[in-house]
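*Asks:*
2 protein chains.
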Amino acid sequence: MKSKRHKELPKPTGRPLSFDPHKALDRALDVFWRKGYDGASLSDLTKAMRINRPSLYAAFGDKEKLFRKVLDHYAEGPASHSRAALQEPTSRAVVERLLYGTADMLTSDRNPRGCLWVQGALACGDSADSVRKELISRRLGGEAALRQRLQRAIMEGDLLPDANPTSLARYIAIIIQGMSVQAASGATRSQLRGIIDIVLESWPSRRNT
Amino acid sequence: MKSKRHKELPKPTGRPLSFDPHKALDRALDVFWRKGYDGASLSDLTKAMRINRPSLYAAFGDKEKLFRKVLDHYAEGPASHSRAALQEPTSRAVVERLLYGTADMLTSDRNPRGCLWVQGALACGDSADSVRKELISRRLGGEAALRQRLQRAIMEGDLLPDANPTSLARYIAIIIQGMSVQAASGATRSQLRGIIDIVLESWPSRRNT
DNA sequence: CTGATTTCGTACCGCACGGTACAGAATAGA
DNA sequence: TCTATTCTGTACCGTGCGGTACGAAATCAG
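In the order they appear, the protein sequences are chains L and X. Using this note's numbering, the first residue of the first sequence is number 22, and each one after it goes up by one. Using this note's numbering, the first residue of the second sequence is number 22, and each one after it goes up by one.
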């Protein structure tokens, strides 16, 4: 039971924070996104976050804890379209929104190119190994969520009953991860949309749902 | 004109090399493949290559030059199936061999999981920036070679004339790069083959070529 | 043998890394 | 104002990084 600060009782004695943790996370996200976990140094981070090193450690723990907080921040912010897409009424709408939304995010001028889940720590030194595994886990988790959504779609009848939800979810995951690499290589939004059109043409949805 | 040593005149005076550069490159490849350019330290490399640091610098130049030599070694060795696949007689055979060959390589027990071109330096620190750009260039080069092969296939009639070679080549590149991320996440060979089946089902080849 | 040449192994360089000690500044409650 | 508490900024720690100086060892030509 380690409840440092309750929202309903903001009675902070002592010197107040001189920065907005939310903004600081935003800026840390930008650095990790561009350089990956290993490539982002503490100097890069503190400079971008406009705080000193001890403030970072007091507010976020060490580098790895900061990265995990940044991952949550990313999931709730720039990557929130993924979770939202699963709520579309049909499997085709889910996949459409998932892919187009991802393509938009990957090529937005407001973000670095690519996906933090993919680029954050793909191949890295030993010191980043736990972070690498964390990202693998998150990628597989997203894939599993899509698989369950496709299974539901089969039961609801808008996906052909002989479709394989596991393979289809992995196929879409591959498209997303491949698009991420493409975005990091300089692919444009319209180029990615052209690929999505190819993917959707063969989507095994029933009727025209 | 810097011809250090001609093959036909191996008259090396001085102390002979105590290691096989080819084997050493093999071992360096393994390290870079698993850890990426930034994540592989010189200590990792010299330990794996079983040579001392000055020997490495004398034989291969600095770390970046070694990495570029390793890239060539990779292209001619584990990744040689890519170039070979382009010589298949039809576009469908090209893509089949390209994808299945890649899936085999990505999940071979003899290699680290994933593709060096993708994982070598996707997001990294500033010091690896030129290496990152080199890998982007190689990825785009491979994609361009496939595009040209598909254009030839249209002229030869085994690919539907309204197919878009640029988009199709990018689509296959995305599949390959996505499979690389999947392999790094632990996907098995049969799982990747399942995805390839999905891709090939909608390949726009004429007749059953 | 001697001498020229090239590689080998140790031991080291400056530097940037992630992480922290510590003293002073800013607030709240008394 | 005084005290307790928390945050800020400087200055530093040990470590590992990429890269190298240098003398010993190994070969060949003569």
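Positions of the beta carbon are idealized from the N, C-alpha and C atoms, including for glycine.
Would F88 of chain X and V139 of chain X be called neighbours here (beta carbons separated by less than 8 Å)?
*Replies:* no
*Asks:* On the three-state DSSP scale, how would you describe L180 of chain X?
*Replies:* strand
*Asks:* If you draw a straight line from the alpha carbon of M70 of chain L to that of G60 of chain L, how long is it in whole angstroms?
*Replies:* 16 Å
*Asks:* Less than 8 Å between the CB atoms is what I'm expecting for I20 of chain X and L167 of chain X, so what's the real figure, rounded?
*Replies:* Because chain X spans 22 through 230 in this model, residue 20 of chain X falls outside it and cannot be assessed.
*Asks:* If you follow the alpha helix (DSSP H) that S103 of chain X is in, where does it begin and where does it stop?
*Replies:* 101-106
*Asks:* Tell me whether R104 of chain X is buried or exposed, calling it buried when 16 or more other Cβ atoms sit within 10 Å of its Cβ.
*Replies:* exposed
*Asks:* Which same chain residues end up closer than 6 Å to G141 of chain X when comparing Cβ atoms and leaving out the 5 residues on each side of it in sequence?
*Replies:* G57, Y58, L156
*Asks:* If we cut at 8 Å on Cβ distances, does E222 of chain L have a partner in chain X?
*Replies:* yes
*Asks:* Closer than 8 Å, CB to CB, is A194 of chain L near chain X or not?
*Replies:* yes
*Asks:* If you measure from the beta carbon of S226 of chain X to each beta carbon in chain L, is any gap under 8 Å?
*Replies:* no
*Asks:* Mapping DSSP to helix, strand and coil, what is S223 of chain X?
*Replies:* coil
*Asks:* Considering D34 of chain X, what are the terminal residues of the alpha helix (DSSP H) in which it resides?
*Replies:* One detail in the question is off: residue 34 of chain X reads as Thr in this sequence, not Asp. T34 of chain X -> no alpha helix (DSSP H), and no H or E assigned at all.
*Asks:* Using the three-state DSSP reduction, which class does L213 of chain X fall into: helix, strand or coil?
*Replies:* helix
*Asks:* Using beta carbons (cut-off 8 Å, strictly below), is M200 of chain L in contact with chain X?
*Replies:* yes
*Asks:* What does the Cβ neighbour count give for M126 of chain X, buried or exposed, with the cut at 16 atoms within 10 Å?
*Replies:* buried
*Asks:* How many angstroms separate the CA atom of F81 of chain L from the CA atom of V52 of chain L?
*Replies:* Cα to Cα, F81 of chain L sits roughly 15 Å from V52 of chain L.
*Asks:* Could you tell me whether the Cβ of L143 of chain L comes closer than 8 Å to any Cβ of chain X?
*Replies:* yes
*Asks:* Which bits of chain L does L161 of chain X rub up against, with CB to CB less than 9 Å?
*Replies:* The contacting residues are S206, G207.
*Asks:* Could you give the residue range of the alpha helix (DSSP H) that holds D51 of chain X?
*Replies:* 42-60
*Asks:* Using a Cβ cut-off of 8 Å (strictly closer), state whether I175 of chain X contacts chain L.
*Replies:* no
*Asks:* Any C-beta of chain L sitting closer than 8 Å to the C-beta of S211 of chain X?
*Replies:* No, because no Cβ of chain L sits closer than 8 Å to the Cβ of S211 of chain X.
*Asks:* Which parts of the segment 107-169 of chain L are runs of the alpha helix (DSSP H), unbroken and 4 residues or longer, counting only runs that do not cross its ends?
*Replies:* 112-127, 137-140
*Asks:* Using the rule of at least 16 other Cβ atoms within 10 Å of the residue's Cβ for burial, across every protein chain shown, is P99 of chain X buried or exposed?
*Replies:* buried
*Asks:* Assign R6 of chain L to one of three DSSP states: helix, strand, or coil.
*Replies:* Beyond the ends of chain L as shown, which are 22 and 230, falls residue 6 of chain L; an answer cannot be given.
*Asks:* Run down chain X in chain order and give the residues with a C-beta less than 9 Å from the C-beta of V152 of chain L.
*Replies:* Going along chain X, no residue has its Cβ under 9 Å from V152 of chain L, so there is no contact; the nearest lies around 12 Å.
*Asks:* Return the CA-CA distance between D93 of chain L and P33 of chain L, expressed in angstroms with no decimal places.
*Replies:* 25 Å
*Asks:* Give the single residue among L:K84, L:E117, L:R55 whose Cα lies nearest to the Cα of D218 of chain L.
*Replies:* L:E117
*Asks:* What whole-angstrom Cβ distance do L50 of chain L and Y95 of chain L have, given they're in contact under 8 Å?
*Replies:* Indeed they touch by this definition, with Cβ atoms about 6 Å apart.
*Asks:* Please return the same chain residues whose Cβ sits closer than 8 Å to the Cβ of L221 of chain L, not counting the five positions on each side in sequence.
*Replies:* R113, V116, E117, L120
*Asks:* Could you tell me whether the Cβ of Q108 of chain X comes closer than 8 Å to any Cβ of chain L?
*Replies:* no
*Asks:* Just curious, the alpha helix (DSSP H) that D83 of chain X is in, first and last residue?
*Replies:* Counting along the chain, D83 of chain X falls outside any alpha helix (DSSP H), and DSSP gives it neither H nor E.
*Asks:* Which chain L residues sit within Cβ distance under 8 Å of V139 of chain X?
*Replies:* L143, V202
*Asks:* Let me see if you follow: with CB-CB separation under 8 Å, is R191 of chain L close to chain X or not?
*Replies:* R191 of chain L counts as touching chain X.
*Asks:* Can you confirm whether S76 of chain X, when its beta carbon is compared against all beta carbons of chain L, has any partner nearer than 8 Å?
*Replies:* no
*Asks:* With C-beta atoms as the reference, is V202 of chain X less than 8 Å away from Q172 of chain L?
*Replies:* no
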